[in-house]
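Undergrad:
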Amino acid sequence: MFWHVDTEAVCFVILLVFYLHLRGSKDFEENHMRLFKIITLSTMSVIVIDVIASLAMDFTQSWWVYQITNNIYFATLPLLSMLWFIYVMAILGVKLAKLGTGIAAAVLGVFAALVFSNPWTGFMYSLTPELVYTRGVLFWVVVGLQIIYCAATILIVLMHRKSLSLNDTFVLAAAPVIEIFATYLHLLNSANGYLLMNAGYTIAYVIIYLNTQSRRQSTLEAVADEKREFSRFISYVYRANESVFEINLRDKLRIDYSIDKYQNVTSKTQRYTTYKLQGEMLHPDDVKEYNARLAPDALQHLIDTYGQDYFEARVKTENDDYRWCAYTLVALARDETHPANVLFFKQSIDEAKRSEERECEELKDALEAAKQASSAKGEFMSRMSHEIRTPLNAVIGYLDIASDESDDHDKVNDCIAKS
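For the sequence shown, the residue numbers in this note's numbering are 52 to 470.
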């Protein structure tokens, strides 16, 4: 029995160090780790209760001390399997997880109440004045609860095995398998049954935490790589645009990007309370389209469809004249860094627009000149037709007369001379 207590104490120390480390760490899987801390603390409590109950069985001669310590011990027996069941449902996102948690907690509460009635009912075990122990009906209930929780956990893990790595599948399923084996040993009256269970959970916690830290490190590295790639992208587009900023529609934030003197991308975050961007003094004819393109519904549609938009507007300058700018909106793929974000590019196209307007004016002038030339040609041809037709009739008339008098050479010569 002392070996049993000593080994439990080792497990407790390991879990204590482990828990203190968990408390001091800021993990990216916040909800997961909060539940993990609760499970670790509960396991430590179960081990302490187990040790106290074991010592009481060895050294106490008080019937009530034996009853109280062992009742607390038996009441907590299904706790670890229940918490592991809840933990697995939570991290796997099982539907009806809250309902399952509520039912499991209610069952444990009813069971604990029955256990604590043992001094008067003997439901859990019978204890003679000589401290002779005999199992009661509730003992088999606790065994059944443990097996049910463990079997349900194994089933859930197997149902979600496609979404888990082989390592995670093994660890999540191994703990309840060990508990079932430990329960079997306990039924054989082995004092080491629940020692094996506590040790198994302790090892499982450590492995899961190490796996979590490994995933955390990989995630942090991936996020760092993504940020570097995004910074390179911003650096490139910033040089081609007048301004670049990002709108976080979910958190109502605006992130303005710029490049410092060391050519590093810097950002400034401020609250974004309206889609009418401050500092934009637009031409009255362009205000309606501008506000429509940047309305929350329009931006949300871009995010939902991973789309992009482009429009042009005239912006008022310090000299109270207007210059043309092009606006491009691009929805970013959703992730933890960009939950509902749109990139906004503003580029001056005034010179190109002015050049386009000049070319249009020149084209209009050329077209007008061509129309005038065509009209002048038509008028010339009309006049020439009238002026030529009148004398030509006389020439044709004389030639007709000459052809009729072909035998009279003098008359023919006279007609030709007059024509």
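A virtual CB, placed ideally from N, CA and C, is assigned to each residue, including glycine.
Tell me which residues share the same chain as Phe-296 and place their Cβ nearer than 7 Å to its Cβ, disregarding the 5 neighbours each side in the sequence.
TA: Around Phe-296: Arg-305, Ile-306, Asp-307, Tyr-308, Phe-395.
Undergrad: Relative to the alpha-carbon of Met-175, which residue among Val-194, Glu-181, Ala-157 has its alpha-carbon at the smallest distance?
TA: Considering only alpha carbons, the answer is Val-194.
Undergrad: Give me the DSSP bridge partner(s) of Lys-367.
TA: Answer is Tyr-373.
Undergrad: So the candidates are Thr-185, Ala-275, Gly-153, Glu-230; which of them puts its Cα closest to the Cα of Ile-205?
TA: Out of Thr-185, Ala-275, Gly-153, Glu-230, Glu-230 has the C-alpha closest to the C-alpha of Ile-205.
Undergrad: Checking the sheet assignment: what are the DSSP bridge partners for Phe-296?
TA: BP columns for Phe-296 point to Asp-307, Phe-395.
Undergrad: CB Tyr-341 to CB Leu-333, shorter than 7 Å?
TA: Contact: yes.
Undergrad: How many angstroms separate the CA atom of Asp-276 from the CA atom of Glu-413?
TA: C-alpha separation (whole angstroms): 52 Å.
Undergrad: Where does the unbroken beta strand (DSSP E) through Thr-320 begin, and where does it stop?
TA: 316–322 is the span of the beta strand (DSSP E), which, as asked, contains Thr-320.
Undergrad: Can you have a look at Pro-347 and say buried or exposed, based on whether 16 or more other CB atoms are within 10 angstroms of its CB?
TA: The residue in question, Pro-347, is exposed, as its Cβ has fewer than 16 Cβ neighbours within 10 Å.
Undergrad: To the nearest angstrom, report how far apart Tyr-357 and Leu-345 are at their CA atoms.
TA: Cα-Cα distance, rounded: 15 Å.
Undergrad: Is Asp-360 helix, strand or coil by DSSP?
TA: Asp-360 falls in the strand class under three-state DSSP.
Undergrad: Can you give me the Cβ contacts of Gln-329 inside the same chain, cut-off strictly under 6 Å, excluding the 5 residues immediately before and after it?
TA: For Gln-329, the pLDDT reaches just 45, beneath the cut-off of 50, and the residue's location in the model is therefore unreliable, although a value from the coordinates is still provided. For Gln-329, where only same-chain residues beyond five positions count, there are no Cβ hits under 6 Å.
Undergrad: So, using beta-carbon positions, are Tyr-117 and Leu-182 closer together than 7 Å?
TA: Yes, the Cβ-Cβ distance between Tyr-117 and Leu-182 is below 7 Å.
Undergrad: May I ask you to list the residues that DSSP assigns as paired with Ala-382?
TA: BP columns for Ala-382 point to Val-393.
Undergrad: Just to confirm before moving on: does the CB-CB distance between Tyr-378 and Phe-362 stay below 7 Å?
TA: In this structure, Phe-362 lies closer than 7 Å to Tyr-378 by Cβ.
Undergrad: What's the gap between the Cα of Lys-259 and the Cα of Pro-227?
TA: Reading off the sequence shown, one finds Ile at residue 259, where the question assumed Lys. Straight-line Cα distance between these residues: approximately 14 Å.
Undergrad: Tell whether a beta-carbon distance below 7 Å holds between Tyr-222 and Ala-255.
TA: Looking at the sequence shown, residue 222 is not Tyr but Val. Yes.
Undergrad: Are there 16 or more other CB atoms within 10 angstroms of the CB of Phe-63, so buried, or fewer, so exposed?
TA: Phe-63 is buried by the Cβ-count criterion.
Undergrad: Quick check: what's the CA-CA separation for Thr-320 versus Arg-301?
TA: When rounded, the distance between both Cα atoms is 14 Å.
Undergrad: Apart from the five residues on each side of it in sequence, which residues of its chain come closer than 8 Å, Cβ to Cβ, to Ala-349?
TA: Excluding sequence neighbours, Ala-349 sits near Ala-343, Asp-360.
Undergrad: Within 10 angstroms of the Cβ of Tyr-138, are there 16 or more other Cβ atoms? Answer buried if so, exposed if not.
TA: Its Cβ being crowded by 16 or more others within 10 Å, Tyr-138 is buried.
Undergrad: Between Leu-67, Trp-135, Lys-278, which has its C-alpha nearest Ala-224's C-alpha?
TA: Ranking the options by Cα distance to Ala-224, first place goes to Trp-135.
Undergrad: Could you name the residues of the same chain whose beta carbon sits closer than 6 Å to that of Gln-398, not counting the 5 residues immediately before and after it, in chain order?
TA: Asn-292, Glu-293, Ala-377, listed in sequence order.
Undergrad: CB-CB under 7 Å to Ser-318, same chain, minus the five flanking residues each way: which ones, in chain order?
TA: Within the same chain, Ser-318 has close Cβ partners Ile-306, Asp-307, Tyr-308.
Undergrad: How far does the beta strand (DSSP E) with Thr-185 in it extend, from its first residue to its last?
TA: Run containing Thr-185: 184–186, per the beta strand (DSSP E) assignment.
Undergrad: Which value, in whole angstroms, describes the spacing of the CA atoms of Tyr-70 and Phe-232?
TA: Going from the Cα of Tyr-70 to the Cα of Phe-232 covers about 26 Å.
Undergrad: Name the two residues that bound the continuous beta strand (DSSP E) containing Leu-178.
TA: First-last of the beta strand (DSSP E) with Leu-178: 176–178.
Undergrad: Could you pull the start and end residues of the alpha helix (DSSP H) that Gln-118 belongs to?
TA: Here the alpha helix (DSSP H) through Gln-118 covers 114–126.
Undergrad: Mind checking which residues open and close the alpha helix (DSSP H) that includes Val-339?
TA: Per the sequence presented here, residue 339 reads as Lys, with Val not at that position. Counting along the chain, the alpha helix (DSSP H) containing Lys-339 begins and ends at 338–344.
Undergrad: Less than 7 Å between C-beta atoms, sequence neighbours within five positions excluded: which residues of the same chain meet that for Leu-143?
TA: Only Ile-207, His-211 meet the Cβ criterion.
Undergrad: Look at the Cβ atom of Ala-163, then the Cβ atom of Ala-104, and state whether they are nearer than 7 Å.
TA: No, the pair does not count as a contact, with Cβ atoms beyond the cut-off.
Undergrad: Whole angstroms is fine: what's the gap from Ser-93's alpha carbon to Arg-279's?
TA: Roughly 42 Å between the two C-alpha positions.
Undergrad: Hey, how far is the Cα of His-72 from the Cα of Ala-157?
TA: Taking the straight line joining both Cα atoms gives about 32 Å.
Undergrad: Hey, how far is the Cα of Val-145 from the Cα of Asn-122?
TA: Cα to Cα, the separation comes out at about 33 Å.
Undergrad: Between the beta-carbon of Gly-151 and the beta-carbon of Met-133, is there less than 7 Å?
TA: It is not a contact, given that the beta carbons lie outside the stated cut-off.
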